[in-house]
Amino acid sequence: MRSLLVFCLLVALAPVAPLPAAAQSVNALVDRLDRLERDLTVLQRQVYRGETPSSTAGAPAPARDAVDGDALGRLQTRMDQLERLVRELTGQVERLDHENRQLDQRLTRLQEDLEFRLKALEQGAVPGAAASAPGEGGEGTPAGGPQPVTGPEARAAGPGTLGALPAEPGTLGTLPAEPGTPGAMPADQATAAGLPQGTPREQYDHAFSVLQGGDYAAAEQAMGAFLEANPDDPLAGNAQYWLGETHYVRGDFEAAAVSFAKGFKTYPDSPKAPDNLLKLGLSMAQLGRTDQACAAFIQVPRRFPGASPSILRRAEAERQRLGCS
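Residues -23 to -1, 1 to 302, numbered by mature numbering (1 follows the signal peptide of the UniProt record, and there is no 0), are exactly what the sequence shown covers, in order.
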């Protein structure tokens, strides 16, 4: 085929060009045909056999590389977008999980408060037994009540101890003086205050029944009258605790803190002593006095390691919620 092309070219060029010039043209055309044949061979290998073309036929290869590069760039861009989307979704999930934990903790605290009050009201059939009912959470206090820590450890003033509480109105160590001096109340005064005549047990049972009836203002007067009349009775520590509850349930946290602090200091051996300390911390937290609240929560397990599990759990939960160190 190549010989035929050469012959045709020679015939076509012979009449118009001198011999030397014709010979040069023929040689140039032959060289060009050779290059075209090589390029064609290379392209055939690339198309049918998938071989990489040589540098002489490199024109199609850069085009293919450019196409592949564009596709790879688009793929990388899409992957980057997906990674950003995954990071954003992960952040949203973590934020929602944190908010859910906070709501769960708040719901737990509200549920414990509700259960405590409901159980206190449900135990009205035996008021005397309800007098020693447990505090927060409704679990029983061990027989004889928890034993408070005494001696130098109880008196030491250091971080997280009640001795280190700042002197603010209504806090432990600065209780305001209450009118009247503890002592026996005459029968007519007890009756005027809402207490029936009778034994201290009968008077306490009456005051507790008023509390169960939900008349917290009247219960406050009745419990206060019982404490005035019977400050040294074994039930006085319980009465002091329930007096604080009459304030706490009505949102008077300042008066509640005073009552719980007095109950903790005056009746340290009462079965309600750990309840008083816990509720003192809760009242301080409601008043925004975080340092005093933390001091109370930290001291609950230290002073009353034998307190009911519900009280210990609540103190620990509140300590973590407030970030107490």
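Glycine included, each C-beta is placed from N, C-alpha and C at the ideal position.
All of these numbers come straight from a predicted model, not from anything done at the bench.
Legend entry - serine 186 (DSSP reduced to helix, strand or coil): For the purposes of this step, residue 186 is taken as residue 209 along the sequence shown, with counting starting at 1. Under the three-state reduction of DSSP output, serine 186 falls in the helix class.
Legend entry - CA-to-CA distance, serine 260 to alanine 292, given in whole angstroms: Stepping through the sequence shown from its first residue, residue 292 is reached at position 315. Stepping through the sequence shown from its first residue, residue 260 is reached at position 283. One C-alpha to the other measures close to 13 Å.
Inset, instruction - Closer than 6 Å by C-beta to serine 247: which residues in its own chain qualify, once you throw out the five before and the five after it? Chain order, please. - result: Counted from its first residue, the sequence shown places residue 247 at position 270. Excluding positions up to five away in sequence, the list reads Gly214.
Inset, instruction - Below 7 Å CB to CB, which residues in the same chain sit around threonine 138 once its five sequence neighbours on both sides are set aside? - result: Translated into the one-based positions of the sequence shown, residue 138 becomes position 161. Here threonine 138 scores only 37 on pLDDT, less than 50, and its place in the model should not be relied on; the value that follows carries that caveat. So the list reads Ala272 and Gln276, once near-sequence residues are dropped.
Legend entry - Straight-line gap, arginine 55 to leucine 49 (C-alpha atoms, nearest Å): Sequence index remark: in the sequence shown, residue 55 carries index 78 (1-based). Sequence index remark: in the sequence shown, residue 49 carries index 72 (1-based). Distance from the CA atom of arginine 55 to the CA atom of leucine 49, rounded to whole angstroms, is 10 Å.
Inset, instruction - With a floor of 4 residues, list each alpha helix (DSSP H) that falls wholly inside the stretch 211 to 265, ordered by position along the chain. - result: Counting only runs of 4 or more, we get 213 to 225, 230 to 243 and 250 to 263.
Legend entry - Nearest residue (CA-CA) to alanine 216, options Glu71, Ala184, Arg15 and Thr67: Position 239 of the sequence shown, counted from the first residue, corresponds to residue 216. It is Ala184.
Legend entry - Secondary structure of threonine 176, DSSP reduced to three states: Taking the first residue of the sequence shown as 1, we reach residue 176 at position 199. Coil.
Inset, instruction - Specify the secondary structure class of cysteine 301 as computed by DSSP and reduced to three states. - result: As a working note, residue 301 is residue 324 in the sequence shown. Of the three classes helix, strand and coil, the one that applies to cysteine 301 here is coil, per DSSP.
Legend entry - Reduced DSSP secondary structure (H/G/I, E/B, other) of aspartate 81: To locate residue 81, count along the sequence shown from 1; it is residue 104. For aspartate 81, the three-state secondary structure derived from DSSP is helix.
Legend entry - Whole-angstrom distance between glutamine 297 and tyrosine 218, CA atom to CA atom: Counted from its first residue, the sequence shown places residue 218 at position 241. Counted from its first residue, the sequence shown places residue 297 at position 320. Near 25 Å, if we compare the C-alpha coordinates of glutamine 297 and tyrosine 218.
Inset, instruction - May I have the straight-line CA-CA distance separating leucine 87 from aspartate 81, to the nearest angstrom? - result: Taking the sequence shown and counting its residues from 1, one reaches residue 87 at position 110. Taking the sequence shown and counting its residues from 1, one reaches residue 81 at position 104. Distance between the alpha carbons of leucine 87 and aspartate 81 is about 10 Å.
Legend entry - alpha helix (DSSP H) segment containing residue 336, residue limits: Residue 336 lies beyond the residue range present for the chain, which begins at -23 and ends at 302; the question has no answer from this structure.
Inset, instruction - Enumerate in chain order the residues of its own chain whose CB-to-CB distance from glutamine 263 is below 6 Å, with the five nearest sequence positions on each side excluded. - result: Residue 263 sits at position 286 when you count from the first residue of the sequence shown. Closer than 6 Å at the Cβ level, and outside the excluded window around glutamine 263, lie Phe230.
Legend entry - Coil, strand or helix - glycine 50 by DSSP: For this step, residue 50 is matched to residue 73 along the sequence shown. Helix, per DSSP.
Legend entry - Endpoints, the alpha helix (DSSP H) within which aspartate 278 is located: If you number the sequence shown from 1, residue 278 lands on position 301. Looking at the sequence itself, residue 278 is proline, so the reference to aspartate does not match. Looking at the DSSP string, the run of the alpha helix (DSSP H) that includes proline 278 is 267 to 280.
Inset, instruction - Buried or exposed for leucine 228, please, with buried defined as at least 16 other CB atoms from any protein chain shown within 10 angstroms of its CB. - result: Stepping through the sequence shown from its first residue, residue 228 is reached at position 251. Residue 228 is actually glycine in this sequence, not leucine. Looking at its Cβ environment, which holds fewer than 16 other Cβ atoms inside 10 Å, glycine 228 is exposed.
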